[in-house]
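Mapping of the sequence shown onto my numbering: residues 47 to 380, in sequence order.
Don't be surprised by glycine CBs; every beta carbon is placed ideally from N, CA and C.
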Amino acid sequence: MILCFGRRIQRGFSSTIAAKCVLSTKSFSTRVESNTFVKIVEVGPRDGLQNESKLVPTATKIALINQLSATGLSVIEATAFVSPKWVPQMADATAVLTGIKRNAGITYPVLTPNQRGFDSALAAGATEVAVFAAASESFSKKNINASISESLARFEPVLESAKRANVNVRGYVSTVLGCPYQGYVAPADVVTVVNALIEMGCYEISLGDTIGVGTPGSMTRLLDALEQTVPLERVAVHCHDTYGQALANILTAVNRGVRVVDSSIAGLGGCPYADGASGNVSTEDVVYMLSGMGYETGVDLDALVRVGYFISSEMGRQNSSRVGNALKTKLSNA
47 MILCFGRRIQ RGFSSTIAAK CVLSTKSFST RVESNTFVKI VEVGPRDGLQ
97 NESKLVPTAT KIALINQLSA TGLSVIEATA FVSPKWVPQM ADATAVLTGI
147 KRNAGITYPV LTPNQRGFDS ALAAGATEVA VFAAASESFS KKNINASISE
197 SLARFEPVLE SAKRANVNVR GYVSTVLGCP YQGYVAPADV VTVVNALIEM
247 GCYEISLGDT IGVGTPGSMT RLLDALEQTV PLERVAVHCH DTYGQALANI
297 LTAVNRGVRV VDSSIAGLGG CPYADGASGN VSTEDVVYML SGMGYETGVD
347 LDALVRVGYF ISSEMGRQNS SRVGNALKTK LSNA
């Protein structure tokens, strides 16, 4: 999760888990209450595309979301209502949200960093929004020119407006396992921000390893700290694969009881803190791993892979999903 809607940030921090699995590439389920069900939050159309340098046509974004809607995903983050000055890729947010075909049973949340963004999203028909904060003071100040406490204060009117409009709010917390400026981020600092967002009314908190430096060890320590005050059923993990640790960190979190995982189709979205490095973990890889472990996601992997190749082709980029690349020949011959 790279939430850079403030000033341009200078780069820092330079630098797959292989699992033997036998599985069916289709694993449909609606049994969300089951302990074996893991909800996938698809963030490619928003978090993935916003970090891509090539502007994507509105029609392509709409087609991407509509195709993702046919894969069994229940949550697809559609766009962000942010300043086009800072995030030109999201300048067509209203056109995207009003242009997609909304399927019953699927939620299409949008990012709204402030009251103005929320008002625009609500006018476009949003039924769920997301706000974001950082666990690192350095990151918060460089990203949005505000301290953590100041950024949280900005969300209060958004949460109040959302409550009046019966709109659910999800919270993001970035830099939970490391910051490109201050380095180490104490778990206690993450817990403070998570608790603040929950108290404000966020129903779920996504924990973002923004620069992908986390390991199963640091993920375990973070969850240990969080579990003292926050049920793990209320958190999601959003792992970047910059250091090749994303699947391992997701596995660690799921084994601890986390049941919501953020991921991006075809691994859309790079890492602005490390040239050429991977950013978001691919949805295809996450679904394959979870299915091989006996978890249900409700997602049709074959359909997902096809969507990954659609958007990769449209953007003229390499598909970053290892599973997608492995299954390409099989699906081409099917």
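Would you say Val84 and Tyr334 are within 8 Å of each other, going by their C-beta atoms? no
Exercise. Mapping DSSP to helix, strand and coil, what is Thr238?
Worked result: helix
Collapsed DSSP secondary structure at Thr153 in the structure displayed: strand
_Report the CB separation of Tyr354 from Ala312 in whole angstroms; it is logged as a contact under 8 Å._
A small fix is needed here, since residue 354 is Gly in this sequence, not Tyr. About 4 Å; that satisfies the 8 Å criterion.
Just checking, does the segment 204–218 make contact with the segment 255–271 on the three C-beta pairs under 8 Å criterion?
no
Excluding the 5 residues flanking Gly90 on each side, which residues of the same chain have their C-beta closer than 6 Å to its C-beta?
Ser310, Ile311, Leu314
*Around the Cβ of Arg216, are there at least 16 other Cβ atoms within 10 angstroms (buried) or fewer (exposed)?*
buried
(Q) Out of Met136, Arg363, Ala192, Ser166, which one is the CA nearest neighbour of Asp93? (A) Ranking the options by Cα distance to Asp93, first place goes to Met136.
Cα-Cα separation, Ile296 to Asn112
Taking the CA atoms as reference points, Ile296 sits about 27 Å from Asn112.
| One or two residues paired with Lys147 in a DSSP bridge | Residue pairing by DSSP leaves Lys147 without any beta bridge partner.
(message) On the CB-based measure, 16 or more other CB atoms within 10 Å of its CB, does Leu101 come out buried or exposed?
(response) exposed
_Other residues of its chain near Thr153: CB distance less than 6 Å, five sequence neighbours each side excluded_ = Val121, Glu174
CA-CA distance, Ala320 and Gly229? The predicted model places Ala320 with a pLDDT of 48, which falls under 50 and marks its position as unreliable; any figure quoted below should be read in that light. Between Ala320 and Gly229, the C-alpha separation is close to 14 Å.
- prompt: What's the C-alpha gap between Ala180 and Thr82?
  reply: Inter-residue distance for Ala180 and Thr82 is about 30 Å (C-alpha atoms, whole angstroms).
Comparing alpha-carbon positions, which option in Arg302, Arg200, Gly362, Leu143 lies nearest Arg267?
Arg302
Exercise. In the DSSP assignment, find the unbroken alpha helix (DSSP H) run with Asn212 in it and report its ends.
Key: Careful: Asn212 lies outside any alpha helix (DSSP H) and carries neither H nor E.
Using the three-state DSSP reduction, which class does Glu250 fall into: helix, strand or coil? Correct three-state label for Glu250: strand.
Point to revise | Three-way DSSP call (helix, strand, coil) for Ser328 in this model | key: strand
- Can you tell me where the alpha helix (DSSP H) with Asp348 in it begins and where it stops? 347–361
### Candidates Gly290, Asp348, Val240: closest to Ser195 by CA position
Val240
Exercise for review: Pick helix, strand or coil for Val276, following the three-state DSSP scheme.
Suggested key: coil
(request) Name the residue from Gly362, Val142, Ala170 whose alpha carbon lies nearest to the alpha carbon of Thr104. (result) Val142
Quiz prompt | C-beta contact flag for Val156 and Ala172 at 8 Å | solution = yes
Practice problem: Reducing DSSP to helix, strand and coil, say where Phe164 ends up. | Solution: In this structure, Phe164 counts as helix in the three-state DSSP scheme.
Give the DSSP-derived three-state secondary structure of Ile194 in the structure shown.
Ile194: helix per DSSP, three-state reduction.
* Asked: Does the distance from the C-beta atom of Ile328 to that of Ala282 stay below 8 Å?
  -> The question names Ile, yet the displayed sequence has Ser at residue 328. No; because the gap between Cβ atoms is not below 8 Å, this pair is not in contact.
Exercise. Rounded to whole angstroms, what's the CA-CA distance from Leu114 to Arg148? Just pull it up for me.
Key: 11 Å
Exercise for the section: For Ala349, I'd like the list of residues in its chain whose CB is within less than 6 Å of its CB, leaving aside the five on either flank, ordered along the chain. Expected result: Thr117
Note to self: Using C-beta distances below 7 Å, list every residue in its chain close to Ala242, excluding the 5 sequence neighbours before and after it, in chain order.
What the structure shows: Leu198
Q. Are Phe164 and Val128 closer than 8 Å when you measure CB to CB?
A. No, the Cβ-Cβ distance between Phe164 and Val128 is not below 8 Å.
Residues of its chain near Ala366, where Cβ-Cβ distance is below 7 Å and the 5 sequence neighbours each way are ignored
Residue identity check: residue 366 is Ser in the sequence provided, not Ala. Closer than 7 Å at Cβ, skipping near neighbours: Ala312, Gly313, Ser324, Ser328.
Next on the checklist: In the DSSP output, what is Phe83 paired with across the bridge?
Outcome noted: Glu342
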